[in-house]
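These protein sequence lines are chains A and B, in that order. One gets our numbering by counting positions in the first sequence from 1 and adding 96 to each. One gets our numbering by counting positions in the second sequence from 1 and adding 1 to each. Ideal Cβ placement from N, Cα and C applies to all residues, glycine included.
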Amino acid sequence: MPSKKDSKNPTLKQIGLPKETLLGLYSNLLRTRMLDERFRKLFRQGRFAGTYFSAVGQEATTVGPTFGLRDEDIIAPSHREIGANVTKGVPLERIVAQVYARANSPDKGKSHPCHYGWQPKGVITPASTLAGQTIVGTGCAMGFKIQKKDNVVLAFFGEGSTSRGGWHEALNYAGIHKLPVVYICQNNLWAESVPATLQAGIKDFADRAKAYGFPGVTIDGNDVFEVHKTSVKAIERARKGEGPTLIECKTYRWYGHSEIDPADYRLQKELDEWKSKDPVNRAEELLMSLKVLETQKREALVEQFTQEIDEAVKICENEQYAEPEEAYNDVYSDQFPVIRSEEREAMS
Amino acid sequence: MKKITFIEGITQALDEEMERDKSVFMIGEDIGIYGGVFKATKGLLDKYGEERVIDAPISEVYIAGGSVGAAMVGMRPVPEIQFADFITPSMDQIIQQMAKMRYRTGGQWTCPMTMRVCCGADIGGGLYHSQTNEQWFFSQPGLIVVMPATPYDAKGLLKSAIRGDDPVIYFEHKRLYRWIKEEIPDEDFTVPIGKAALRNKGDDITIVSYGLMYHRALEAVKGLEKDGISVDLIDLRTLLPWDREMIFESVKKTSKVVLVQESPKTGGVMAEISASITEEMFDYLDAPVTRVCGLDVPVVPFAPPMEHFFLPNAEKITKAVKEVLEY
């Protein structure tokens, strides 16, 4: 019996995406959610150092835009883009290794948890300075334009980052030169503990695009299909040389800024409301009602992802940290080796 | 062989490297239509077009950070910061992105770019057109910092910087632009990064300097030689990583050192070199390592007598040398 809720659901035709895309988006959402919740559990068990920045609740904002990108396209992330890494096809083992800071981490253990980066898939290892990769990512787009390549850049940031001066300079430049970049603002209403109302005098952050001369759209960031469709349009526009788009995805992070933040600055009511708009459940219910997904298929996916995650965690727990002397490497090219302390002592 | 000015050395290096390698491009304020406020990029817009000679909006954050991004996807950007005084907005991008890209990504992403920074006093530029500010970058591992003193080095070091795979901050002293002339070879040449130049040989004392201050030291050396004092005069050329070998060899020989820099004394390049000599060469020293530097005040003051009071000169260097010799 179709429920009242189901009757409000759009038809396949109305959604306008092929079944493979619908399933692909859903399975990336699910895989991201499962991996993220596993990391939270592992952190509580003290299995890795530092802290962990969960993106649970806002997965659709990273999975939706990234799905279908080319390897050469660039992801310019911040610290809550686990979904972009999963969807871009970064090997799970490398993602886990990054959080564990082991020798098999792409950054060899130099960057802290959630600074995922994987050059073969075009993901920039981020700096913590907010809007940093928005600026650098815009520079990647400038490079592509000079090279006359039709690659695009997806730059991800929260609404809080839009308050920074460098963010403005980057979007201003991209507007002047019609650079192939799509700006994805994940407006999760909170920049650590500061509400969006103390971040800007506007309600919809997409309005900022007007000042740069390119389109800005505000969408439901918990509807992965809408996020995907809006992004595809923006990506096509960017590839054709027609310039950037700013997409504001309204969303919410379920947990604290990081796992050491109890997030007691928010009201339970607000959290409950957003939890009822869970992007994973919504996609799942819709696909079930459209008969694109069945319980059996879902269970198979859960089993597959559990195994993959188990396997990746096992590999990384058995992996060693890099030798401490690794600290001396990757400062410069081989032309300029760093002088080691023991060499200094030997000199004197 | 033909004689060129310091700024001609820069323009030639830019022109030749852009001609040689299509991935080299420039971005900066007033560098295109206007040819640069000092005309270092004159004629290059017409020759290479607006895609490779980009007149930037007033956006030092983007000029730095955007160049980092372009470098990561295979370009060789040569951004210009019009005055070292205006580099502060770029600091976030220089320190957090440019200097750390290779390191924080475990060598996955690199940043081969050369940021040209016009710097220095002694032209009556006033507070905000006279600073050198190289000390801020000297203390950031991951960056290469160079400051040539001669037209030959201006050209050769810029070429090495552009061709290399590391992020370079290239300081060009505006007082030198049209003051110094030098013969340079007609054929292509480069000057290696990380190597200082021994400009004068002597046994009594070592003077280390760079940029405009090298010329002030040279003037002092000429006077000292008349008094029978022979000097090893080292032009550092590359500040980071600095040429330990040449300086230490010279200290072994002379046992006395005077270090000269234009920027304020505290926390400068010469503070580090002084500490290293003291730490690693103590047994060879016959006198305290002595510095002649700009004043420890916030900025170069404008009124001409005050500006000259701020700056080291041949007289101050000579006095310091004599004190060290008499120690």
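Pair within 8 Å by beta-carbon distance, residue i and residue j
| i | j | result |
| --- | --- | --- |
| Leu-382 (chain A) | Asn-105 (chain A) | yes |
| Phe-301 (chain A) | Asn-318 (chain A) | no |
| Gly-108 (chain B) | Asp-167 (chain A) | no |
| Ala-221 (chain B) | Ala-315 (chain B) | yes |
| Val-376 (chain A) | Leu-126 (chain A) | yes |
| Ile-231 (chain A) | Ala-270 (chain A) | no |
| Phe-321 (chain A) | Ile-111 (chain A) | yes |
| Gly-153 (chain A) | Trp-370 (chain A) | yes |
| Cys-412 (chain A) | Leu-342 (chain A) | no |
Chain B within 8 Å of residue i, Cβ atoms only
| i | result |
| --- | --- |
| Lys-306 (chain A) | no |
| Lys-204 (chain A) | yes |
| Glu-265 (chain A) | yes |
| Asn-181 (chain A) | no |
| Phe-321 (chain A) | no |
| Arg-134 (chain A) | no |
| Lys-141 (chain A) | Looking at the sequence provided, one finds Gln at residue 141 (chain A) rather than Lys. Gln-141 (chain A) does not count as touching chain B. |
| Tyr-269 (chain A) | yes |
| Arg-394 (chain A) | no |
| Gly-352 (chain A) | no |
| Ile-178 (chain A) | no |
| Ile-331 (chain A) | no |
| Gly-213 (chain A) | yes |
| Ser-327 (chain A) | no |
| Phe-432 (chain A) | yes |
| Gly-228 (chain A) | yes |
| Ala-207 (chain A) | According to the sequence shown, residue 207 (chain A) is Ser rather than Ala. Chain B, which has a Cβ nearer than 8 Å to the Cβ of Ser-207 (chain A), makes this yes. |
| Ile-220 (chain A) | yes |
| Pro-98 (chain A) | Legend: pLDDT at Pro-98 (chain A) = 45, less than 50; position of this residue unreliable, value from coordinates given subsequently. Taking Cβ atoms only, chain B never reaches closer than 8 Å to Pro-98 (chain A), which makes this a no. |
Member of the options whose CA lies at the smallest distance from the CA of residue i
| i | options | result |
| --- | --- | --- |
| Ser-257 (chain A) | A:Val-195, A:Val-182, A:Tyr-269 and A:Trp-286 | A:Trp-286 |
| Ser-437 (chain A) | A:Ser-429, A:Glu-421 and A:Asp-430 | A:Glu-421 |
| Leu-245 (chain B) | B:Met-73, B:Leu-158, B:Asp-56 and B:Ala-276 | At residue 245 (chain B) the sequence reads Arg, which differs from the Leu that was named. The candidate whose alpha carbon is nearest that of Arg-245 (chain B) is B:Ala-276. |
| Leu-241 (chain B) | B:Ile-274, B:Arg-53 and B:Phe-283 | B:Ile-274 |
| Ile-235 (chain B) | B:Asp-284, B:Leu-225, B:Met-282 and B:Val-252 | B:Val-252 |
| Ala-359 (chain A) | A:Ser-150, A:Ala-172 and A:Ala-408 | A:Ser-150 |
| Leu-326 (chain B) | B:Asp-287, B:Ser-161 and B:Val-293 | B:Asp-287 |
Cutoff 8 Å: residue i Cβ touching any chain A Cβ
| i | result |
| --- | --- |
| Gln-141 (chain B) | no |
| Lys-101 (chain B) | yes |
| Pro-313 (chain B) | no |
| Trp-243 (chain B) | no |
| Arg-238 (chain B) | no |
| Ile-318 (chain B) | no |
| Phe-26 (chain B) | yes |
| Arg-53 (chain B) | yes |
| Gly-29 (chain B) | no |
| Gly-50 (chain B) | no |
| Gly-195 (chain B) | yes |
| Gly-37 (chain B) | no |
For residue i, three-class secondary structure by DSSP
| i | result |
| --- | --- |
| Glu-184 (chain B) | strand |
| Ser-437 (chain A) | helix |
| Val-195 (chain A) | helix |
| His-353 (chain A) | coil |
| Asn-283 (chain A) | strand |
| Asp-86 (chain B) | helix |
| Lys-257 (chain B) | coil |
| Met-76 (chain B) | coil |
| Asn-201 (chain B) | strand |
| Leu-234 (chain B) | strand |
| Phe-240 (chain A) | helix |
| Asp-319 (chain A) | coil |
| Thr-128 (chain A) | helix |
| Glu-263 (chain B) | strand |
| Ile-194 (chain B) | coil |
| Met-27 (chain B) | strand |
| Met-97 (chain A) | In this prediction, Met-97 (chain A) scores a pLDDT of 43, lower than 50, which makes its location untrustworthy; the coordinate-derived value is nonetheless stated afterwards. The answer is coil: DSSP assigns Met-97 (chain A) none of H, G, I, E or B. |
| Thr-319 (chain B) | helix |
| Val-270 (chain B) | helix |
| Trp-370 (chain A) | helix |
Checklist line | Interfacial residues, the segment 136-169 of chain B to chain A, with Cβ spacing under 8 Å | finding: So the close ones are Pro-142, Gly-143, Ile-145, Gly-165, Asp-166 and Asp-167.
Margin query: Along the segment 402-429 of chain A, where does the CB come closer than 8 Å to a CB of chain B? Name the residues.
Written below: Cβ contacts with chain B come from Asn-425, Asp-426, Val-427, Tyr-428 and Ser-429.
Check: Taking Cβ-Cβ distances below 7 Å as the criterion, which residues of the segment 57-86 of chain B are in contact with chain A?
Finding: Within the segment 57-86 of chain B, the residues whose Cβ lies closer than 7 Å to any Cβ of chain A are, in chain order, Pro-58, Ser-60, Val-62, Tyr-63, Gly-66, Gly-67, Ser-68, Val-69, Gly-70, Ala-71, Met-73, Val-74, Gly-75 and Met-76.
Check: According to a CB-to-CB cut-off of less than 8 Å, which residues of the segment 88-120 of chain B neighbour chain A?
Finding: Answer in chain order: Pro-90, Asp-93, Gln-94, Gln-97, Gln-98, Lys-101, Arg-103, Tyr-104, Arg-105, Thr-106, Gly-107, Gly-108, Gln-109, Trp-110 and Thr-111.
Next item on the list: With 8 Å as the C-beta to C-beta threshold (strictly closer), list the residues of the segment 231-244 of chain A near chain B in chain order.
Entry: Residues of the segment 231-244 of chain A with a C-beta less than 8 Å from any C-beta of chain B: Ile-231, Val-232, Gly-233, Thr-234, Gly-235, Cys-236, Ala-237, Met-238, Gly-239, Phe-240, Lys-241, Ile-242 and Gln-243, listed in chain order.
Note to self: By the 9 Å beta-carbon criterion, what residues does the segment 273-284 of chain B contribute toward chain A?
What the structure shows: Within the segment 273-284 of chain B, the residues whose Cβ lies closer than 9 Å to some Cβ of chain A are Ser-277, Glu-280, Glu-281, Met-282, Phe-283 and Asp-284, listed in chain order.
Next item on the list: Select from the segment 247-265 of chain A all residues with a C-beta closer than 7 Å to any C-beta belonging to chain B, and list them in chain order.
Entry: Hits within the stretch, in order: Gly-261, Gly-262 and Glu-265.
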